[in-house]
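Undergrad: Under our numbering, the first residue of the sequence shown carries the number 45, and numbering increases by one thereafter.
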Amino acid sequence: MKLSVRMVAVAAVLATAACAPQTSGNSSSDKDEKTGTLRVWLFQEVNNKPKEEVVDSVLAEFEKAHEGTDVTVEYIPVETRAQRIKAAFNDPESAPDLVEYGNTDTAGYVKDGGLADVTEEFAAWDEAKDTDPTARQSVTVGGKIYGAPYFVGVRALYYRTDVFEELGLDVPRTQAELISTAQQIRAAKPELYGIAVGGAYTYGAMPFIWAHGGELATGTGGSYAAAIDSAAARKGIEAYTSLFGDDNCPAAKCAAMTGNDTITAFAAGKAAMAIGGDFSHAAVEAGKVKGTYAVVPLPGLKPGSIAPAFAGGNNLGVLKSTTHRTLAVDLMKRLASKKAQGELFEAMGFLPTFSDVRQQVAAKEAFVKPFVETLAADTKFVPASPAWAQIDAGQVLPTMFQEVVSGRKDVATASADAAKKMNDAFGSVG
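#1: Give the straight-line distance between the Cα atoms of alanine 456 and isoleucine 272, rounded to the nearest whole angstrom.
#2: Can the beta-carbon of valine 154 be found closer than 8 Å to that of valine 185?
#3: Suppose you measure from the CA of glutamate 123 to the CA of aspartate 149; what does that come to, to the nearest Å?
#4: Could you have a look at glycine 69 and say whether DSSP puts it in helix, strand or coil?
#5: Measure the alpha-carbon distance for threonine 218 versus aspartate 76 and round it to whole angstroms.
#6: What is the rounded straight-line gap between the Cα of serine 459 and the Cα of valine 426?
#7: So, using beta-carbon positions, are valine 416 and alanine 406 closer together than 8 Å?
#8: On the CB-based measure, 16 or more other CB atoms within 10 Å of its CB, does alanine 316 come out buried or exposed?
#9: Hey, out of Gly471, Tyr194, Asp170, whose CA is closest to phenylalanine 87's CA?
#10: Can you tell which of Lys332, Ala372, Leu345, Tyr237 has its C-alpha closest to the C-alpha of alanine 296?
#11: What runs of the alpha helix (DSSP H), each 4 residues or longer, lie entirely inside the region 373 to 461?
#12: Within the region 150 to 175, note down every full alpha helix (DSSP H) run reaching 4 residues or more, in order along the chain.
#13: Residues in the same chain with beta-carbon distance under 6 Å from alanine 326, minus the five sequence neighbours each way, listed in chain order, please.
#14: Please determine, among Leu345, Gln446, Gly356, the residue with the shortest C-alpha to C-alpha distance to asparagine 147.
#15: Alpha helix (DSSP H) containing phenylalanine 252: first to last residue?
#16: Among the residues of its own chain, which have a CB less than 7 Å from the CB of alanine 226, if the five just before and after it don't count?
#17: Of all the options Pro121, Ser138, Glu171, which has the alpha carbon lying nearest to the alpha carbon of lysine 383?
#18: Spatial neighbours of proline 65 within its chain, please: CB distance less than 7 Å, with the 5 preceding and 5 following residues excluded, ordered by chain position.
#19: Answer with buried or exposed for glycine 158, where buried requires no fewer than 16 other C-beta atoms within 10 angstroms of its C-beta.
#20: Could you tell me the alpha carbon to alpha carbon distance between valine 162 and tyrosine 190, rounded to whole angstroms?
#21: Measuring only the C-alpha atoms, how far is alanine 380 from glycine 321?
#22: Given a threshold of 16 other Cβ atoms within 10 Å of its Cβ, counted over all protein chains shown, does serine 365 qualify as buried or as exposed?
#23: With burial defined as no fewer than 16 other Cβ atoms inside 10 Å of the residue's Cβ, what is the status of arginine 452: buried or exposed?
#24: Can you give me the start and stop residues for the beta strand (DSSP E) that alanine 318 sits inside?
#25: Can you give me the Cβ contacts of valine 57 inside the same chain, cut-off strictly under 8 Å, excluding the 5 residues immediately before and after it?
#26: State the start and end residues of the unbroken alpha helix (DSSP H) segment that holds aspartate 19.
#27: Do you know how far the Cα of glutamate 409 is from the Cα of aspartate 461?
#28: Using three-state DSSP, classify tyrosine 337 as helix, strand or coil.
#29: In angstroms, rounded to a whole number, what distance separates the CA positions of tyrosine 268 and alanine 351?
#30: For isoleucine 120, report the span of its alpha helix (DSSP H) as first-last.
#31: Decide if lysine 377 is buried, meaning its Cβ has at least 16 other Cβ atoms within 10 Å, or exposed.
#32: Once the 5 residues before and after phenylalanine 36 are set aside, which same chain residues still bring their CB inside 6 Å of it?
#33: Across which residues does DSSP place alanine 192 in a beta bridge pair?
#34: Out of Gly289, Gly361, Asp174, Pro414, which has the shortest C-alpha to C-alpha gap to serine 349?
What follows is the structure, given as structure tokens:
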């Protein structure tokens, strides 16, 4: 049977996400059908076409190996992934067989019983031995493997070389210089954001908190307590939220902006700087600023320092409820293979999770350097707790930032309220 790939409307995704039920448990399917339709959910990117082309190429190879198999690919919004995926765990009939998910969600999805244990298949996969340790850890819970790393993501500072040259500005070496430079640009060019920032851009804000010595939470072994309201964390919150205002990025426009929104603004020539990932490269290259920008590590507090960045990335996982386990595992390996990850890098700028492939791409692409430098510096991760999925889905940190930039609460009150919500979530999972 001819393989068909159907793009499902994003509007349906949003409608479904709005009424997603709470997860009540899941159970393994006793079926392992070798033909039929596989459903795959992947994340929608700012510029999704290059990703679709890589995926379509993988599916074409999959067709040759599995006659009689159809694949439906649906690209879902990252921002509503939590509701949609949890609903799928609760309703196997409408769930996908294979899903892309953020590496911060692994522990929570495993606790929910939604992901299949693929430890044996991963161990038997020849390419798995070259997966870097951090990426391998991102799919590991309790010593078992629950997916395949898809790409690693880290953020750095994109800036407009033409704007900096025109205004005679130096590239910021510290976060204080970053803030003052953004304000200088806005004053000279009020049609631009000095730096595009978003109240809903958690991972763009975290480096400010970490650079000031703050932490999201403290603890080990799955037991955590919120630290977002510490004195150091509050200094970082103050630094980040100082960028919301008429002198840089007006709160009325920027408070609701996500990470994708900030990159869209930069790519469209509406901002002189933005905090973007290696995975943002394709979208920027496709925008108006192509040829007039550069990337450097996001600075820390001292000249020459690099702000700790979130060690992000996405994984691919097979749902426990699939009735096509063998097919789903094979497709997972193909999508996450060295060949496919290399093509994703070429198409999107996503950094491979295989150490050898990453070295190869870094050697031939100059834009990778600042991201590799950032990875080599002090990268950090979110609390390795199932509660993080709840905290993330509850928009706890974006709400905190938005309360501050809107003037509804001061930093002390907003961070204290966020800490309480985080501790409630940590306590709910034991």
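Glycine included, every Cβ here is placed at the ideal spot set by N, Cα and C.
TA: Result, derived from the coordinates:
#1: Alanine 456 and isoleucine 272: Cα-Cα distance of roughly 10 Å.
#2: Contact: yes.
#3: Rounded to whole angstroms, glutamate 123 to aspartate 149 spans 13 Å at the Cα level.
#4: Only weak support is given to the placement of glycine 69: the predicted model assigns it a pLDDT of 46, under 50, and the value that follows is read from those uncertain coordinates. In the structure shown, the three-state DSSP call for glycine 69 is coil.
#5: Roughly 55 Å separates the two Cα atoms.
#6: Each residue's Cα considered, the two are about 17 Å apart.
#7: A contact, by the Cβ cut-off of 8 Å.
#8: So alanine 316 ends up on the buried side.
#9: Selected option, being the one with the closest Cα: Tyr194.
#10: Alanine 296 has its Cα closest to that of Tyr237, out of Lys332, Ala372, Leu345, Tyr237.
#11: The qualifying runs are 382 to 392, 399 to 408, 413 to 420, 431 to 437, 440 to 449.
#12: Within the region 150 to 175, the complete alpha helix (DSSP H) runs of at least 4 residues are 150 to 155, 163 to 168.
#13: Closer than 6 Å at Cβ, skipping near neighbours: Asn91, Pro94, Met392, Gly393.
#14: Among Leu345, Gln446, Gly356, the Cα nearest to that of asparagine 147 belongs to Gly356.
#15: For phenylalanine 252, the enclosing alpha helix (DSSP H) begins and ends at 246 to 255.
#16: In its chain, beyond the 5 residues on either side, Gly238, Ile239, Leu287, Asn292, Met317 have a beta carbon closer than 7 Å to the beta carbon of alanine 226.
#17: Among Pro121, Ser138, Glu171, the Cα nearest to that of lysine 383 belongs to Glu171.
#18: For proline 65, the predicted structure reports a pLDDT of 36, less than 50, and the residue's modelled location is therefore unreliable. A value from the coordinates is still provided. In its chain, beyond the 5 residues on either side, Ala131, Asn134 have a beta carbon closer than 7 Å to the beta carbon of proline 65.
#19: It counts as buried.
#20: Valine 162 and tyrosine 190 have their C-alpha atoms spaced approximately 6 Å apart.
#21: Within the model, the alpha-carbon separation for alanine 380 versus glycine 321 is close to 19 Å.
#22: Note on serine 365: 16 or more other CB atoms within 10 angstroms of its CB, so buried under the neighbour-count rule.
#23: Exposed, since its Cβ has fewer than 16 Cβ neighbours within 10 Å.
#24: From DSSP, the beta strand (DSSP E) with alanine 318 extends over 317 to 321.
#25: Bear in mind that a pLDDT of 33 at valine 57, under 50, signals an unreliable position, so the number given afterwards is only what the model happens to contain. Apart from sequence neighbours up to five positions away, the residues of its chain that approach valine 57 with a beta-carbon distance below 8 Å are Glu118, Ile120, Pro121, Thr124, Arg128, ordered along the chain.
#26: Residue 19 lies beyond the range of the chain shown here (45 to 474); nothing can be said about it.
#27: Answer to the nearest angstrom: the Cα atoms are 44 Å apart.
#28: Tyrosine 337 falls in the strand class under three-state DSSP.
#29: As the crow flies, the alpha-carbon of tyrosine 268 is around 23 Å from that of alanine 351.
#30: Per DSSP, isoleucine 120 lies in no alpha helix (DSSP H) segment; the continuous beta strand (DSSP E) that holds it begins and ends at 113 to 120.
#31: Its Cβ being crowded by 16 or more others within 10 Å, lysine 377 is buried.
#32: Here the chain has residues from 45 to 474 only, and residue 36 is not among them.
#33: Checking the DSSP bridge columns, you'll see alanine 192 partnered with Leu360.
#34: When only C-alpha atoms are compared, the closest one is Pro414.
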